[in-house]
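S.K.: Residue numbers (this note's numbering): 118 to 866.
For glycine and all other residues, C-beta sits at the position ideal for the given N, C-alpha and C.
Got a structure here, written out as structure tokens. Questions coming.
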């Protein structure tokens, strides 16, 4: 095959661009935004650009891998995904256009197709074209001449092979906190919907009867790969009723989707799935294969292009159904770091921006250092598997950027034709998390994906990965009651007094006195942080400070936190802690305050309980703690936060400009860093407040941000990073890594 530049094709591009300009001009002229002179200037500029493109229009082999070119040569026809430049149209046209994004993307696709069809004599049907609505890309089947035309096209960024991937293969629901009635504190996912992108669902199964509210199918016919569509009539797509029924059980893997759906949202008389009252959107995204099956043939595998179409369908239904999560229990090639060049990422980002989590299995390759695609995408929620004894399942992929763990070993659920059975795999773990999302979103309908994920991570059961190579990595196994408490009860005041001052105390001759309230581990409940304190002050002392102690008993107490404050007399003083204190819930918690005062001053306010508990009236004047001689409790309160903390930066929470670290969890939402303002590079500063065990001296990677400088304050465990955000940065989630810790930077729309 001789690659050559086709000048006729370039002229076709010119005509297409001019047509697009005229269409946009017509709409703009009606609004009084353009003149004919403006249009003529743009056309002249456009022609100059296209002449330069024609002069340099030769095949760019860097746009495709050697393996892809070899496959086309060997097989004759290969399915691919082609990413397109969004600035294929002049920037001014896109910026001034009022056309919806799908129309703009369709225009970009047309520009490339007009050229390719003219150059090769092919058409859209012959090339099995799949158009996407959310991302500037297209999928098709290429032979050598079509590949050549795409490689030389100036509006093509790259071409990747559309590789098919297989599915990532009553007692697990109580394990994550369900009560005897199958609910989580009364929440069942009612009013929420979970999308199941899989091998289809037996909607007539007793566990799933009446739950499927929408169906769709996206499947491929690729003769060169032995793939045929599983959609009705062998079509490439369908949204008709019954289009997402489970595929023929003679095909290996066709029972998979029904099993997954039952875990996420099944509802039966004897046992149920996680979100038993949630609805299901069933999306069949697999094809039938006679080659490439690892085991029984025929089997099912799924093309990335069909997965993109499936996610786009979920996005299109976002306003007609309250969708909590989309579940994808499938997996392909493994990656040891986030695979954010994956073609699925823009679709996952779009769903996340709409409040829909894309929950994906981590894969079953026994890896302790890598996640399977597409679960390795940073904006996805990746799920590994645990056993019922809370150990990481031997087969489960894990890595430093894994999101969560969930039960995945020997899980009982529905099988087609009214059957039931056990399956193991991260495929079974993922729908536990997707169902959890529905339960939590019922409780907090407007909660963002990041907030729900933080609640599940922060309140989950810590599981140590003891497998070789895992480095004793700790990840959270989902615990829904804890996450519910985290979202519904963001904080509560811990106190022993009744809040009313009756008397006051102090050293008769003046001096310094320290008072405290004592709490046992059982008293602390779900709280994990002290974020602020309230102190009742009577007379005004000369100095004052709040304190937190912890220990196994009074004799072993350690002073863990102190902060001075400016007191106000005869009122409750509220003090926000500079650094929220993370409680060791295995030890006693003591909190209180100290004051230095002169003779005849009594700064320490008390209530007057009829029967002092001897827990809320402790004081220290020398070395030993004692019970105060008079009835009553000190007016000292601590605000315990299970999940978030009223604006302060705490582990895993969203803050204005800070990233906070505890147990290797990082997150920043830079509220003032918005995509539409990034017309030029912009400087920003990230301040990372680290936990005691965090090592801030490791490598820093916050691409695509450029690190300019770093400054470390070791005494306060603070790492300050100055960086530059590049111009043209798109909204979405960007991965950051500091030392061994993973986090995200979210750029808003």
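(1) Within the same chain, show all residues whose beta-carbon is closer than 7 Å to that of residue 311, passing over the 5 residues directly before and after it, in chain order.
(2) Excluding the 5 residues preceding and the 5 following residue 304 in the sequence, name in chain order all residues of the same chain whose CB lies nearer than 7 Å to its CB.
(3) Give the straight-line distance between the Cα atoms of residue 183 and residue 564, rounded to the nearest whole angstrom.
(4) When you compare the CB positions of residue 698 and residue 646, do they come within less than 8 Å of one another, or not?
(5) What number of angstroms, rounded off, separates the C-alpha of residue 704 from the C-alpha of residue 754?
(6) Smallest Cα separation from residue 476: which of 497, 240, 315, 467?
(7) My output table needs one value for residue 469: the three-state DSSP class, helix, strand or coil.
(8) Tell me which residue opens and which closes the beta strand (DSSP E) that residue 278 is part of.
(9) Pairs of beta-carbons, one from the segment 509-519 and one from the segment 479-493, closer than 8 Å: are there three or more?
(10) Hey, would you say the C-beta of residue 226 is under 7 Å away from at least one heavy atom of the ligand ATP?
(11) Take every Cβ of the segment 404-418, pair it with every Cβ of the segment 363-371, and state whether three or more of those distances are shorter than 8 Å.
(12) Could you pull out every unbroken alpha helix (DSSP H) segment of at least 4 residues lying fully inside the segment 398-456, listed in chain order?
(13) Would you mind sorting residue 769 into buried or exposed? The rule is 16 or more other CB atoms within 10 Å of its CB.
(14) With DSSP collapsed to three states, give me the class of residue 147.
(15) Tell whether a beta-carbon distance below 8 Å holds between residue 353 and residue 346.
(16) Could you compute how far the alpha carbon of residue 260 sits from the alpha carbon of residue 245?
(17) So, are the CB atoms of residue 488 and residue 522 less than 8 Å apart?
(18) Could you pull the start and end residues of the beta strand (DSSP E) that residue 584 belongs to?
(19) Which parts of the segment 624-710 are runs of the beta strand (DSSP E), unbroken and 3 residues or longer, counting only runs that do not cross its ends?
(20) Flag this pair as yes or no: are the beta carbons of residue 465 and residue 500 separated by less than 8 Å?
(21) Per DSSP, which residues does residue 721 bridge with? Please list them.
(22) Give the secondary structure of residue 572 by DSSP, where H, G and I count as helix, E and B as strand, and everything else as coil.
(23) Whose CA, out of 197, 684, 355, lies closest to the CA of residue 268?
(24) Consult DSSP for residue 308 and reduce its assignment to one of helix, strand or coil.
(25) Using only the alpha-carbon positions, how far apart do residue 516 and residue 266 sit?
(26) Between residue 336 and residue 404, which are expected to be in contact by the criterion C-beta below 8 Å, what is the C-beta distance as a whole number of angstroms?
(27) For residue 758, report the span of its beta strand (DSSP E) as first-last.
(28) Pull up the distance between the alpha-carbon of residue 242 and that of residue 407, whole angstroms please.
(29) Are the beta-carbon atoms belonging to residue 749 and residue 632 less than 8 Å from one another?
(30) How far does the alpha helix (DSSP H) with residue 543 in it reach, from first residue to last?
(31) Please classify residue 590: does DSSP put it in a helix, a strand, or coil?
(32) May I ask you to report which of helix, strand or coil DSSP gives residue 392?
(33) Take every Cβ of the segment 717-725, pair it with every Cβ of the segment 608-623, and state whether three or more of those distances are shorter than 8 Å.
(34) Are any of the Cβ atoms in chain B nearer than 8 Å to that of residue 223?
(35) Does DSSP put residue 302 in a helix, a strand or coil?
(36) For residue 153, does the three-state DSSP call read helix, strand or coil?
M.R.: Taking the coordinates as given:
(1) 381, 382, 392, 395, 397, 441, 442, 444, 551, 552, 555.
(2) The residues are 556, 559, 560, 601.
(3) The alpha-carbon of residue 183 is positioned some 45 Å away from that of residue 564.
(4) Going by C-beta atoms, residue 698 is nearer than 8 Å to residue 646.
(5) CA-CA distance, residue 704 to residue 754, rounds to 18 Å.
(6) Of all alpha-carbon atoms in 497, 240, 315, 467, the one lying nearest the alpha-carbon of residue 476 is that of 497.
(7) DSSP places residue 469 in helix when its eight states are reduced to three.
(8) Residues 273-278.
(9) Output reads yes: the segment 479-493 touches the segment 509-519.
(10) The ligand ATP is not among the ligands present in this structure, which contains no ligands whatsoever.
(11) Verdict: yes, contact present.
(12) Whole alpha helix (DSSP H) segments, 4+ residues: 421-433.
(13) In this predicted model, residue 769 has a pLDDT of only 33, less than 50, meaning its place in the structure is not dependable; the value taken from the coordinates is given anyway. It is buried - the Cβ of residue 769 has at least 16 other Cβ atoms within 10 Å.
(14) Summary for residue 147: the model assigns pLDDT 35, below 50, so the residue's position carries little reliability, and this model does not support an answer.
(15) In this structure, the beta-carbon distance from residue 353 to residue 346 falls below 8 Å.
(16) About 12 Å.
(17) The beta carbons of residue 488 and residue 522 sit no closer together than 8 Å.
(18) Membership of residue 584 in any beta strand (DSSP E) is not indicated, and neither H nor E is assigned to it by DSSP.
(19) 628-636, 646-654, 660-668, 675-681, 688-699, all fully within the segment 624-710.
(20) In this structure, residue 465 sits away from residue 500, with a CB-CB distance that is not shorter than 8 Å.
(21) In the DSSP output, where bridge partners are listed per residue, residue 721 has 622, 654.
(22) It is helical.
(23) Ranking the options by Cα distance to residue 268, first place goes to 197.
(24) Assigned with DSSP and collapsed to three states, residue 308 falls in coil, not helix or strand.
(25) Roughly 40 Å separates the two Cα atoms.
(26) Confirmed, Cβ separation roughly 5 Å.
(27) Where residue 758 is concerned, the enclosing beta strand (DSSP E) stretches over 753-758.
(28) Taking the straight line from one Cα to the other gives about 23 Å.
(29) Contact annotation: residue 749 and residue 632 have beta-carbon atoms that are not nearer than 8 Å.
(30) Bounds of the alpha helix (DSSP H) holding residue 543 are 543-560.
(31) The answer is strand: DSSP assigns residue 590 an E or B state.
(32) In this structure, residue 392 counts as coil in the three-state DSSP scheme.
(33) Of all C-beta pairs linking the segment 717-725 to the segment 608-623, three or more are shorter than 8 Å, placing the two stretches in contact.
(34) Considering every chain present, this structure includes no chain B. It has just one protein chain.
(35) Coil at residue 302, not helix or strand.
(36) Because residue 153 carries a pLDDT of 45, less than 50, the predicted location of this residue cannot be relied on, and the following value inherits that uncertainty. If DSSP states are grouped into helix, strand and coil, residue 153 belongs with the helices.
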